[in-house]
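Take a look at the structure below.
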């Protein structure tokens, strides 16, 4: 998420945490559950009770963060009622609908736990599966993505989702079966390094894998929708594919844009050069070429190819001078005993 987007969302949210509640609680939570909701007034009370029972049984301090993404039903009042009776509950209310990626980003920014759980607010995800996901989040895993199996959705949703997942697997090389599943468990450092905007939330496993985090998958139970209706639609499906192009560019060419523009530029320029070389041979043999459309095509291809090379160089200049996050991700830094943090200004 860009700095501008973050400022806009911060200015457009209200964090419902009155004095004397969770923000003043002396215990830092180990688990933060982040749940974006949109018009889920009927589902939230049941979901919250299930989550509370599961997390309480784990015996670890926890917090539950709901992000109301501009709901127009009774969701805000339901959340405020729950919040008044639960010191472990936090609520963030958006002034309007910003989308699921923005809601997750706000939840990640607010979360204080070492482990972060995300799930949908429609009761289709089963909170009782949280311990299984936490168990798989062992020392060798940074993110566990749920796989809804078997999936209890109508064919009108399962078929396009299956096509989408197959395309993403093919283009990214990852073996995740269900990129759309919102039921995930993260180490907190994963959420701090993944930029979210647009519809990029569905590509979190791809972005995390690209940063060097270890990603695993686990089957989770999936229930039919009990209340309300699905937010899934054709427009949302199409936006997901456009964002896939963004993800492929971000994961492969962000730090080397000339490689992206260069291949096309060089290929186009060389094709134009080949055409013009052929025409030059004909001209030396005495054949007229001034009226040939092929000459126009050859010159045009060389110009376009040269322009793409210039675009690539300009993009390289911008990338090299723009303030950005590091191109690497550190899992741990083992220092000698007695190391003084002030000895290195770069750490």
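Numbering (the numbering used here), first residue to last: 15 to 361.
The C-beta atom is built at its ideal place from N, Cα and C for all residues, glycine as well.
Residue 133 sits buried, since 16 or more C-beta atoms from the chains shown fall within 10 Å of its C-beta.
By the Cβ neighbour-count rule, residue 200 is buried, with 16 or more other Cβ atoms within 10 Å of its own. As DSSP reads the structure, residue 198 sits in a beta bridge with 132 and 159. In this structure residue 121 touches residue 81 by the C-beta definition: roughly 5 Å separates them, less than 8 Å.
Two segments are said to touch when three or more pairs of C-beta atoms, one from each, lie closer than 8 Å; by this definition the region 274-289 does not touch the region 196-213. Taking the Cα of residue 236 as reference, the smallest distance to any Cα among 262, 196, 264 and 270 is reached at 196. According to the DSSP assignment, residue 110 belongs to no alpha helix (DSSP H), since it is labelled neither H nor E. Relative to residue 231, the option among 135, 194 and 284 whose CA is nearest is 194.
Here the alpha carbons of residue 58 and residue 126 stand approximately 22 Å from one another. Taking residue 150 as the centre and dropping the five residues before and after it, the same chain places the C-beta of 158, 199, 230 and 232 closer than 8 Å to its C-beta, in chain order. For the pair of segments examined, the region 308-324 was found to touch the region 287-295: the number of CB pairs separated by less than 8 Å reaches three. In summary, residue 271 is buried, with 16 or more beta-carbon neighbours lying within 10 Å of its beta-carbon over all protein chains present. Taking 8 Å as the upper bound for CB-CB distance, residue 105 and residue 94 are in contact here, some 7 Å apart. The alpha carbon of residue 55 has as its nearest neighbour, out of 178, 110 and 91, the alpha carbon of 91.
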